[in-house]
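Asker: Residues in the sequence shown are numbered consecutively from 63, following the working numbering.
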Amino acid sequence: MLPTGVLFVNATPALWQDVAARLRPFIARQVPATDVDDVLQDVFLRLQRGLGSLRDEERFTAWLFQVARSSVSEHVRGRARHPVAPEVELPAPLSDDDRNASRSLSSCISLFVAQLPSPYREAVTLVELEGLTARETAEMVGVSLTAMKSRVQRGRAQLRLLFDRCCEIAIDARGKVVDFAPRPRVCTSCK
Numbered sequence: 063m064l065p066t067g068v069l070f071v072n073a074t075p076a077l078w079q080d081v082a083a084r085l086r087p088f089i090a091r092q093v094p095a096t097d098v099d100d101v102l103q104d105v106f107l108r109l110q111r112g113l114g115s116l117r118d119e120e121r122f123t124a125w126l127f128q129v130a131r132s133s134v135s136e137h138v139r140g141r142a143r144h145p146v147a148p149e150v151e152l153p154a155p156l157s158d159d160d161r162n163a164s165r166s167l168s169s170c171i172s173l174f175v176a177q178l179p180s181p182y183r184e185a186v187t188l189v190e191l192e193g194l195t196a197r198e199t200a201e202m203v204g205v206s207l208t209a210m211k212s213r214v215q216r217g218r219a220q221l222r223l224l225f226d227r228c229c230e231i232a233i234d235a236r237g238k239v240v241d242f243a244p245r246p247r248v249c250t251s252c253k
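1. Does DSSP put ASP234 in a helix, in a strand, or in coil?
2. Answer yes or no: do LEU191 and ALA200 have a C-beta to C-beta separation smaller than 7 Å?
3. Indicate the three-state DSSP secondary structure (helix, strand or coil) for VAL239 in the structure shown.
4. Using 10 angstroms around the beta-carbon of MET210, count the other beta-carbons present and answer buried if the total reaches 16, otherwise exposed.
5. Report back the beta-carbon spacing between ASP241 and ALA232 to the nearest angstrom; my notes put them in contact at under 8 Å.
6. Identify the continuous alpha helix (DSSP H) that holds SER206 and give its terminal residues.
7. When you compare only the Cα positions, how much space is there between PRO244 and GLY193?
8. Assign GLY217 to buried or exposed, taking buried as 16 or more other Cβ atoms, counted over all protein chains shown, within 10 Å of its Cβ.
9. Locate the alpha helix (DSSP H) running through VAL138, then write down its first and last residues.
10. Taking the straight line between their C-alpha atoms, what separation do you get for VAL81 and THR96?
11. Tell me whether the beta-carbon of ARG108 lies closer than 7 Å to the beta-carbon of VAL129.
12. Tell me the rounded alpha-carbon separation between PHE225 and ALA176.
13. SER135 and VAL105 - do their beta-carbons sit closer together than 7 Å?
14. Express the C-alpha separation of LEU221 and GLY204 in angstroms, rounding to a whole number.
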């Protein structure tokens, strides 16, 4: 049998362990195993804060489990509002070879950008190379934001075609260049 509220005012660690042992299975049936300790701790905090307002000490056990039910409900609602993303394994950092391949290929970019037709060359240069936003670039050039976004996308697509004609490019799952090889007799820029 659980103690009454009066005994909890000066509770010993053994008393808290007894309550935890009784509450843990109740909580574990309602929340994931990884969250049981968090909910149990919340129950203990609520017990400490609300113990002074307990009127009928004979109903301590019922009150204790009501506090636990409230804590569980709040925890479940909180998880529903703010779902935790599953743990994702982070990709390995780029190796020196990967960085060198990316740097070598990026040195070719300005040569390829110069080959783009005028509106696309201007859009890609300002947005991708100089780091301006599409909105800033659109205002600077005097076109709508939609037109600028379209120019940037078309310029990127044309750049991709130029790179694909010149080089075989290997890309990892993150979309980063990990290797490239110039195609024979086609590319003189990327050597």
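Heads up, the beta-carbon is just placed ideally off N, CA and C, and yes, glycines get one too. Treat the numbers as computed from the prediction; the structure is a model and nothing was measured.
Answerer: Once the coordinates are examined:
1. coil
2. no
3. strand
4. If you draw a 10 Å sphere on the C-beta of MET210, you find 16 or more other C-beta atoms in it, and that means buried.
5. 4 Å
6. For SER206, no alpha helix (DSSP H) run applies, since DSSP gives it neither H nor E.
7. 28 Å
8. buried
9. Start and end: 122-143.
10. Spanning the two alpha carbons is a distance of roughly 19 Å.
11. yes
12. 13 Å
13. no
14. Roughly 23 Å between the two C-alpha positions.
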